[in-house]
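Numbering (this note's numbering), first residue to last: 44 to 363.
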Ligand SMILES: [Mg+2]
C-alpha cells in the first residue's frame with residue numbers, strides 16, 4: 044500500500060492526535076478519580092469488601108478536612124459496648140457492661156435478683172418502682188467496690204483488636220477521647236484498665252455506681268443514660284464540650300443508630316466523621332447504616348480502620 048507524503052503526514056497526525064486524545068482521556072479520568080477519592084484510594088485496607096460508604100466523595104472531603112486540621116483540632120467520641128468492646132470472641136458473644144454483671148459468678152443471677160426484689164418489695168411495697176429496674180436489682184446483691192475489679196477480670200468482656208494501640212496513639216498525640224456509654228461506667232473503666240490502659244485523655248460519661256462509706260453499692264449516680272437519650276445527656280454536659288471547643292473536628296464511633304446523637308451537644312463542631320460498627324443482622328441493616336453513618340464496618344472485630352484514619356489525622360505516617 045502506497046500513500047502520498049502528505050497523506051502519511053495526515054495519517055501520522057491523526058494517529059498522534061488519537062493517541063494523545065486517549066492518553067489525555069485516561070489521564071484526566073484518573074486525575075478526576077484521584078481527585079475525588081485520593082486519600083481513600085491510597086488505603087488498601089479499605090478494599091476488603093467489608094468497609095462500606097454510600098458517599099465516598101463526601102467521606103473524602105471530610106477526611107481532607109480532618110487531615111488539614113491535624114491532631115490539635117481533633118477529638119473522638121465513642122460508644123463502648125460493641126463499639127470499643129468486641130461483639131464476638133472465639134465464636135461466643137461478648138457480654139456488654141450490664142451482661143458482665145448479669146453473668147458474674149460473684150453475683151446472684153438476674154432471676155434470683157428478681158425473686159429477692161419481689162420478697163423485699165412485698166415488705167417495702169412503697170419502694171416497688173425502685174426494684175423494678177436492673178440497676179435497682181443490683182443494689183440488692185451485696186455488690187462492693189472491691190468486687191468490681193474481680194468481676195471484670197473473670198468476665199468474657201474483650202476489647203476489639205488494636206484498641207490498646209489506638210488509645211496509646213491518641214494519648215501520645217494528646218487527642219481527647221470521650222466515651223459515652225449507656226452501660227456501666229465502673230465496669231467499662233475497669234475493662235479498659237485491665238485490657239488496655241485508661242489514659243488521662245479519656246473521659247467517660249456513663250451510669251456510675253454509688254457506693255457507701257463501706258464500699259457497698261447503694262444505687263447509681265445521676266440520670267440514667269440509655270441508648271436513646273444520649274442526645275439529652277450530651278446537652279446536659281456542656282462543661283465537657285466547652286473544654287474542647289477548639290477541637291472542631293470530630294470522629295464519632297458507634298454501633299447503634301442512637302449513638303449518632305452523641306456529638307449533638309458539641310456546639311463548635313465543624314467536621315463530623317461517623318464510623319459505625321455493624322455487628323449483627325448485617326443484610327437487614329446495612330443499607331440503613333450506610334445512609335446514617337459515613338463509614339460502615341461490617342463484622343469487623345478490630346479498631347484497624349479507625350486507627351488507620353487516626354494515624355493520618357494525627358500525621359503519624361511520614362508518607363501521608
Ligand atoms: Mg453499643
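Glycine included, each C-beta is placed from N, C-alpha and C at the ideal position.
Cross-strand partners of residue i (DSSP beta bridge)
i           : result
residue 132 : 135
residue 118 : 293
residue 204 : 345
residue 110 : According to DSSP, which records beta bridges pairwise, residue 110 is partnered with nothing at all.
residue 352 : According to DSSP, which records beta bridges pairwise, residue 352 is partnered with nothing at all.
residue 259 : 187
residue 317 : 295
residue 253 : 262
Residue i and residue j closer than 7 Å at C-beta
i           : j           : result
residue 116 : residue 290 : yes
residue 198 : residue 143 : yes
residue 120 : residue 350 : no
residue 188 : residue 301 : no
residue 194 : residue 254 : no
residue 339 : residue 95  : yes
residue 341 : residue 93  : yes
residue 303 : residue 335 : yes
residue 317 : residue 337 : yes
residue 104 : residue 82  : no
residue 347 : residue 205 : yes
residue 139 : residue 202 : no
residue 182 : residue 260 : yes
residue 288 : residue 244 : no
residue 232 : residue 247 : yes
residue 219 : residue 118 : yes
residue 283 : residue 315 : no
residue 262 : residue 249 : no
Cβ of residue i within 7 Å of any chain B Cβ
i           : result
residue 279 : The structure shown contains no chain B; it is built from a single protein chain.
Check: residue i C-beta below 6 Å from any heavy atom of ligand 1
i           : result
residue 232 : no
residue 317 : no
residue 126 : yes
residue 122 : yes
residue 323 : no
residue 343 : no
residue 84  : no
residue 145 : no
residue 14  : The first residue shown for the chain is 44 and the last is 363, placing residue 14 beyond what the model contains.
Coarse secondary structure for residue i, derived from DSSP in three states
i           : result
residue 299 : coil
residue 126 : coil
residue 312 : coil
residue 323 : coil
residue 66  : Below a pLDDT of 50, predicted positions are generally treated as unreliable, and residue 66, at 38, falls in that range; the measurement from the model is reported next regardless. Helix.
residue 92  : coil
residue 333 : helix
residue 150 : coil
residue 340 : strand
residue 84  : helix
residue 141 : helix
residue 283 : helix
residue 359 : coil
residue 277 : helix
residue 105 : helix
residue 268 : coil
Jot down the residue ranges of each uninterrupted beta strand (DSSP E) in the segment 178 to 251, minimum 3 residues, whole runs only, in chain order. 220 to 227, 245 to 250
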